[in-house]
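Remarks on the structure that follows.
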Amino acid sequence: MTVHIFNGDPTSSSAPRLRLSQILAPLSQALDMTEGQAPGHCVRCAYIGTRIGQEIGIAGEELNDLYYTLLLKDLGCSSNAARICALYLTDDIDFKRDFKTIDGSLTSALRFVFAKTGLESGLSERFRALVNILQNGGEIARDLIETRCQRGAEIAARMRFSKGVQDGIMALDEHWDGSGKPDGLRGAAIPRHANIALLAQVIDVFFHAAGRDAAMTELRKRSGGWFDPDLVTAAETLARDPAFWADLADPGIARAVFDLPPARGEAPLDAGYLDDIAAAFSDVVDAKSPYTADHSNRVTLYADIIAEELGLPSAHRRWLRRGALLHDLGKLAVSNQVLDKPAKLNDAEWAAIRSHPGHGARILQSIDAFADIAPIAAGHHEKLNGKGYPAGLSGDEICLEVRIVTVADVFDALTAERPYRSAIPIADVFEIMQKEVGTAFDGDVLTALQSGMARFARARH
Numbered sequence: 003m004t005v006h007i008f009n010g011d012p013t014s015s016s017a018p019r020l021r022l023s024q025i026l027a028p029l030s031q032a033l034d035m036t037e038g039q040a041p042g043h044c045v046r047c048a049y050i051g052t053r054i055g056q057e058i059g060i061a062g063e064e065l066n067d068l069y070y071t072l073l074l075k076d077l078g079c080s081s082n083a084a085r086i087c088a089l090y091l092t093d094d095i096d097f098k099r100d101f102k103t104i105d106g107s108l109t110s111a112l113r114f115v116f117a118k119t120g121l122e123s124g125l126s127e128r129f130r131a132l133v134n135i136l137q138n139g140g141e142i143a144r145d146l147i148e149t150r151c152q153r154g155a156e157i158a159a160r161m162r163f164s165k166g167v168q169d170g171i172m173a174l175d176e177h178w179d180g181s182g183k184p185d186g187l188r189g190a191a192i193p194r195h196a197n198i199a200l201l202a203q204v205i206d207v208f209f210h211a212a213g214r215d216a217a218m219t220e221l222r223k224r225s226g227g228w229f230d231p232d233l234v235t236a237a238e239t240l241a242r243d244p245a246f247w248a249d250l251a252d253p254g255i256a257r258a259v260f261d262l263p264p265a266r267g268e269a270p271l272d273a274g275y276l277d278d279i280a281a282a283f284s285d286v287v288d289a290k291s292p293y294t295a296d297h298s299n300r301v302t303l304y305a306d307i308i309a310e311e312l313g314l315p316s317a318h319r320r321w322l323r324r325g326a327l328l329h330d331l332g333k334l335a336v337s338n339q340v341l342d343k344p345a346k347l348n349d350a351e352w353a354a355i356r357s358h359p360g361h362g363a364r365i366l367q368s369i370d371a372f373a374d375i376a377p378i379a380a381g382h383h384e385k386l387n388g389k390g391y392p393a394g395l396s397g398d399e400i401c402l403e404v405r406i407v408t409v410a411d412v413f414d415a416l417t418a419e420r421p422y423r424s425a426i427p428i429a430d431v432f433e434i435m436q437k438e439v440g441t442a443f444d445g446d447v448l449t450a451l452q453s454g455m456a457r458f459a460r461a462r463h
C-alpha cells in the first residue's frame with residue numbers, strides 16, 4: 003500500500019503555537035534567491051530597519067508594520083525577472099545581485115548596463131538591446147520597478163497586511179530627493195517604512211560585499227539623496243555599537259529578529275491564514291515566468307480533483323492543496339534564462355533545473371507549519387522507476403501525495419503553452435501520460451484525474 007505523509011492539521015489545538023514571523027522569515031529566503039542575495043538578506047534587513055525604527059522612537063503597530071515591510075520588501079521581486087532577461091539579454095538573478103552593489107550614480111548605472119547586457123549574444127543582437135536601453139532607459143527602469151513594487155503590494159494585501167505595509171513595499175525605490183521610482187516621491191511624501199527599508203537594504207548589501215566601513219560610507223554618500231538624513235544619523239548611532247555588526251555577521255541572526263518586539267507579540271495562526279500565505283507565495287513563484295503564470299493554482303486544482311476522486315478527507319485535501327501551491331518554491335532560485343529558454347538546455351542549465359526541488363524543500367523544512375509538505379516540493383519530479391530527480395526515489399519510496407502532485411504538475415505542463423512548444427490537447431495528454439503508467443506515474447492517480455476532469459467538464463455544461 004502506498005505510504006501517506008499527512009499527519010494532521012498543524013493548526014489544530016494540540017499543535018504547537020505558530021508565529022507569523024517564524025513562517026515568513028524562512029519564506030523570505032525564497033525572495034533572497036530571486037534577488038541573488040545571500041540567504042537571510044530580508045531577515046537581516048528586518049533586524050537593521052527595526053533597530054533604526056526603535057532608535058527614532060517608532061513603536062506599537064507602526065513598528066509592527068515597519069518590521070513586516072522590511073521582511074517582505076521583495077515580495078514582488080519575481081515579477082520583472084523575465085523582462086530583465088529579455089531587455090538586457092542576461093541572467094536576471096546575477097543582474098539583480100550585482101546592480102545593488104553599484105554606487106547609485108548614473109555613470110555607474112550606465113557602465114554596469116554596458117558591462118552586463120548581452121555578453122553571450124550575437125553582436126547585432128547586443129547592439130539592438132543597448133540602443134533600446136540608451137533610448138528608453140528611464141522608462142524601462144520605471145516600468146520594471148513599478149511592476150515589482152505594485153505586485154509586491156498586491157501580494158502583501160492578499161496576506162492581510164495593513165495599508166502601511168503595502169505602501170512601504172510600493173515605495174521601496176523612492177528617493178528622498180525625488181530621483182527615485184516609480185512615482186518620483188520626495189521627502190516626507192515617501193512612507194517612512196519604505197525609506198528605512200531601502201536604507202537597510204543598502205547597509206546589508208554593502209556590509210556583506212565589502213564590510214561595515216563600506217556600508218557606512220555608502221550610506222553617508224546617499225544621505226539627502228536617497229535617504230532622509232535623520233535616518234542616516236540614526237544608523238550612524240547604531241553603527242557605533244560593535245554588537246550591531248556582530249549580530250549582522252551571525253548566521254543565527256534570525257534568533258535576534260524573532261526576539262524583536264513585533265515578533266514577540268504575535269497571535270497564533272489559524273488554518274485559513276496558512277492557506278493565504280501558501281497562496282501568496284505561490285503567486286510569487288508563478289510571476290517569475292509568463293509560461294508559468296497561474297501554474298501553481300492549476301496544479302492545486304488538479305491535485306484536489308484527484309484527491310477528491312480518491313476519497314481523501316477534507317483536512318487531508320486542504321493540507322495537500324498547500325503542498326501543491328508551494329511545490330515549485332525552489333524555482334525562484336533558477337534564472338529565467340533557463341526557465342524560459344526555447345532551446346535544449348545544456349548541462350549547467352539542466353543542473354539548475356534539477357536543483358529547484360531541493361531549494362524549495364530546504365526552505366519548507368525550516369518552517370514548523372510547512373515542514374510536513376516539504377517532501378512534496380522535494381519529490382514532485384521523482385519517477386516510480388527511479389529515473390526522476392533529484393534523489394532517484396522509486397516505488398513505495400514515493401508517497402501518495404507526491405504521486406498526486408506529480409501527475410497534476412505534468413498534466414498542467416503538457417496542457418499549457420511552453421517556450422519550446424504549443425499547448426497539447428487534453429485527450430492527447432492523457433494518451434501520452436498513460437504510456438508512462440508504472441514508470442513515471444501511478445495508474446490509480448492518473449485514472450482519478452481522468453475521471454475527475456470528466457466530471458468537472460460535465461459540471462461546467
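Just so we're aligned: 373 in my numbering is position 371 of the sequence shown, and the numbers increase by one with no gaps anywhere.
Note that CB positions come from ideal geometry on N, CA and C, so glycine has one too.
Simplified DSSP state of residue i, which is helix, strand or coil
| i | result |
| --- | --- |
| D23 | The residue asked about is misnamed: residue 23 is Ser in this sequence, not Asp. If DSSP states are grouped into helix, strand and coil, S23 belongs with the helices. |
| R162 | coil |
| S16 | Since pLDDT at S16 reaches only 46, below the 50 mark, its modelled position is unreliable, and no value is offered. |
| D444 | coil |
| S181 | coil |
| V1 | This structure does not reach residue 1, given that the chain is present from 3 up to 463, and the question cannot be answered. |
| A450 | helix |
| S225 | strand |
| T149 | helix |
| A459 | helix |
| D296 | coil |
| P253 | coil |
| H43 | helix |
| L29 | helix |
| S316 | helix |
| I369 | coil |
Proximity below 8 angstroms, CB of residue i to CB of residue j
| i | j | result |
| --- | --- | --- |
| V340 | L347 | yes |
| V207 | T71 | no |
| C79 | T149 | no |
| P392 | G360 | yes |
| I171 | A190 | no |
| G313 | I375 | no |
| L73 | L26 | yes |
| S453 | E311 | yes |
| A371 | L448 | no |
Cβ neighbours of residue i in the same chain (closer than 6 angstroms, five flanking residues each side left out)
| i | result |
| --- | --- |
| G388 | G394, S396 |
| D285 | I157 |
| D175 | I147, G182, K183 |
| F8 | H318, W321 |
| K102 | V207 |
Counterpart residues of residue i in DSSP-defined beta bridges
| i | result |
| --- | --- |
| V287 | Looking at the DSSP assignment, V287 forms no beta bridge with any residue, so it has no partner. |
| N387 | S396 |
| R420 | R423 |
| S107 | In the DSSP output, where bridge partners are listed per residue, S107 has none listed. |
Chain C within 8 angstroms of residue i, Cβ atoms only
| i | result |
| --- | --- |
| A236 | Reference to chain C is not applicable here, since this structure consists of a single protein chain. |
Nearest-angstrom beta carbon gap, residue j and residue i [assumed within contact, 8 angstroms]
| i | j | result |
| --- | --- | --- |
| L366 | L328 | 6 angstroms |
| I369 | Y49 | Rounded, the Cβ-Cβ distance is 19 angstroms, inconsistent with contact. |
| Y293 | D342 | 6 angstroms |
| R21 | A265 | 7 angstroms |
| A297 | A418 | The residue you asked about is not Ala; residue 297 is His in the sequence shown. Between A418 and H297 the Cβ distance is about 7 angstroms, and since that is below 8 angstroms, they are a contact. |
Beta-carbon contacts of residue i that lie in its chain and below 8 angstroms, excluding the five residues immediately before and after
| i | result |
| --- | --- |
| M3 | The pLDDT assigned to M3 is 43, lower than 50, so where the model puts this residue is not dependable, and the model offers no usable value. |
| A456 | none |
| Y90 | F97, V115, K118, T119, G120, A131, I135 |
Same chain only: Cβ atoms within 7 angstroms of residue i, ignoring 5 sequence neighbours per side
| i | result |
| --- | --- |
| A282 | I157, R160, M161 |
| S81 | T149, R150, R153, A289 |
Proximity test, residue i beta-carbon vs the ligand MG heavy atom, cut-off 7 angstroms
| i | result |
| --- | --- |
| I192 | Among the ligands in the structure shown, none appear at all, so the ligand MG cannot be discussed. |
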